[in-house]
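Report on one structure; see the data block that follows.
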Amino acid sequence: MAFRAQNIRKLTYQCLQDNSRPVKFKFFPAPKPSSVTSEQWNSWTWQLQKSLKTERQFAEVFDLTQSERMSFQQGSEVFNIRTTPYYASLCGEHSEDPIRKILMPREEELAPGLQQMLDPLGEKKNNPAPRIIHRYPDRVLFLVTDICSVYCRYCTRKHFTGQDQAFIRESDYQEALQYLQSHAGIREVILSGGDPLTLSDTQLERVLSDLREIEHLEIIRIGTRIPVVCPMRINDSFSKMLRKYAPVFLMTHFNHPKELTAESTEALRSLVDHGVPVFNQMVLLNGVNNHPAIVQALSRRLLYLRVKPYYMFQCDPSIGTDHLRTSLEDSLEIQKELWGNLSGLAMPNLSLDIPDGGGKAGYTPNFEIERTAKKIFFRGWDGVLSEYVNPQPETIVKPIDAAEYLPEWEQLKSGKQGPSFIECAPNERILPQIF
Ligand code: SF4
């Protein structure tokens, strides 16, 4: 496949609602090789079937460096190697190209590292049923498949992802459903993997429909990198299917503005237009996106496409990822630069997963410079010095109706079952007939 032969890109426009409105960002289609028909290229099953997996297949598309060649054999033993032709077409020629660093194995993966954890999130010890990770009282992860269409070299779930077990075995599926059914405190299920969107529509709809049979379940989240690496998977009929099971939130995973193409923006449009809220979780990666200019570019484009930049994760110390990890200081510096310069709507939350299942540690820049009994002194993001006068503790009161919400709050914290529905009644004041 001669991707490099096709360098002429057709300009397309991302039209949100109104064709007459000026367009702020223009996105381009990925460069399709001339040997491939549009029908093939735009078929997600073709993209999966034609995935590059071996050194020989990669060498047909990339000029592999000696280091990359050396890492293929052993690298695939540490973690599967795979990319869709579409995602490969977004790579630049340089061996340090950001997207290439995400999908291509490198020698550094094999070197002994500073912190090499096969299971950095401690998921194996929170695994009470097959494919279920239950770490928080009211939320669980349900790993419906271990397959991804691209194996990102920084993946945090190398203990599971890419073992090619495909869709969950029927007996494990039933056991997992049974677990969800019998734990009435579970309000939210996050479908993950692997990538749940590598399942067929029929398989995925079966999961969604079975989950919606569980009375105590409120929210379904789907974690997926498909809009980034194989966006042709998503079309209007797929988005309509998701909408049927609302509220379903789609958590996608763009890391770099160069991942936004006409194809991926069309996938996002389809989801949002069909009422599927989309959030983005990026990972800060060394030499890939660890610069405020790149994070702002990604975040602004996503926000324009009606996708909320949600998390900016510190890369987990997963095995073979030392070379892709930024220091926390580097990440904080990026966050501080963005703060104030970037709309709050576009600002992702910087967060580090405490290794071994310690949960999330969130970070925000600290602008406080001094605190006294009555005042807090600040230097703001652009250097403005000011003070905030604290109300006195004895003046602090709690809302008179807090007690009304206490049972719900206690149930949430305990992971116990709540009522089958919650009445959300407003106060009732019949206004006198004076209007
Ligand atoms: S898509 Fe997600 S689960 Fe799959 S390899 Fe990439 S980071 Fe890991």
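Numbering of the sequence shown is given in our numbering, commencing with residue 13 and proceeding in unit increments. Don't be surprised by glycine CBs; every beta carbon is placed ideally from N, CA and C.
query	result
Is G87 helix, strand or coil when you go by DSSP?	helix
On the DSSP letters alone, give me the boundaries of the alpha helix (DSSP H) that Y98 sits inside.	P97 to A100
Let me know the secondary structure DSSP gives S335 once reduced to three states.	A quick correction: the sequence has His, not Ser, at residue 335. Note: H335 maps to helix in three-state DSSP.
Where E440 and I408 are concerned, what is the direct C-alpha to C-alpha distance, given to the nearest angstrom?	27 angstroms
Give a yes or no on contact between the stretch 348–358 and the stretch 287–296, applying the rule of three or more CB pairs nearer than 8 angstroms.	no
Cα separation between E278 and R33?	17 angstroms
Does DSSP put W393 in a helix, a strand or coil?	coil
Is it the case that the Cβ atoms of L280 and L340 are separated by a distance below 8 angstroms?	no
Distance, Cα to Cα, A415 vs L126?	49 angstroms
May I ask you to report which of helix, strand or coil DSSP gives V152?	strand
Is it the case that the Cβ atoms of L203 and V156 are separated by a distance below 8 angstroms?	yes
From the DSSP output, in three-state form, read off Y4 for me.	One cannot answer for residue 4 here, as it falls past the ends of the chain, which runs 13 to 447.
Assign E345 to one of three DSSP states: helix, strand, or coil.	helix
Alpha carbon to alpha carbon, how far is L272 from R112? Give it in angstroms, no decimals.	15 angstroms
Using the DSSP secondary-structure output, state which residues sit across from L296 in a beta bridge.	Q326
Quick one: what's got a C-beta closer than 8 angstroms to M288's C-beta in the same chain, skipping five residues either side?	Sequence check: residue 288 is Val here, not Met. Contacts found: S251, L254, R255, A258, V260, F261 and L262.
Compute every distance between the C-beta of G205 and the non-hydrogen atoms of the ligand SF4, then say whether any falls below 7 angstroms.	yes
From what residue to what residue does the beta strand (DSSP E) around S253 run?	Checking the displayed sequence, the identity of residue 253 turns out to be Met instead of Ser. Taken as a continuous stretch (DSSP letters only), M253 belongs to no beta strand (DSSP E), being part of the alpha helix (DSSP H) at D248 to K256.
Since M263 sits in a beta bridge, which residues does DSSP pair it with?	G235 and F291
Spatial neighbours of S330 within its chain, please: C-beta separation below 6 angstroms, excluding the five flanking residues on both sides.	P132, T168 and K170
Can we say the stretch 96–103 touches the stretch 51–69, given the rule of at least three CB pairs closer than 8 angstroms?	yes
Assess, as a yes-or-no matter, whether the stretch 194–209 is touched by the stretch 391–405 under the definition of 3 or more beta carbon pairs within less than 8 angstroms.	no
Looking at the structure shown, is R81 part of a helix, part of a strand, or coil, going by DSSP?	helix
Whose CA, out of D158, V152, Q85 and L102, lies closest to the CA of L122?	Q85
Excluding the 5 residues flanking E217 on each side, which residues of the same chain have their C-beta closer than 7 angstroms to its C-beta?	M253
Using a Cβ-based criterion (distance less than 7 angstroms to any ligand heavy atom), does C103 qualify as near the ligand SF4?	no
Which runs of the alpha helix (DSSP H) spanning at least 4 residues fall entirely within the stretch 123–211, listed in chain order?	182–194
Run through DSSP, which three-state label would W53 get?	helix
Just how far apart, CA to CA, sit S107 and R383?	49 angstroms
Alpha carbon to alpha carbon, how far is F433 from F40?	46 angstroms
Answer yes or no: do L315 and S343 have a C-beta to C-beta separation smaller than 8 angstroms?	no
Thinking C-beta only, is G395 closer than 8 angstroms to F379?	no
Distance, Cα to Cα, Q308 vs S101?	24 angstroms
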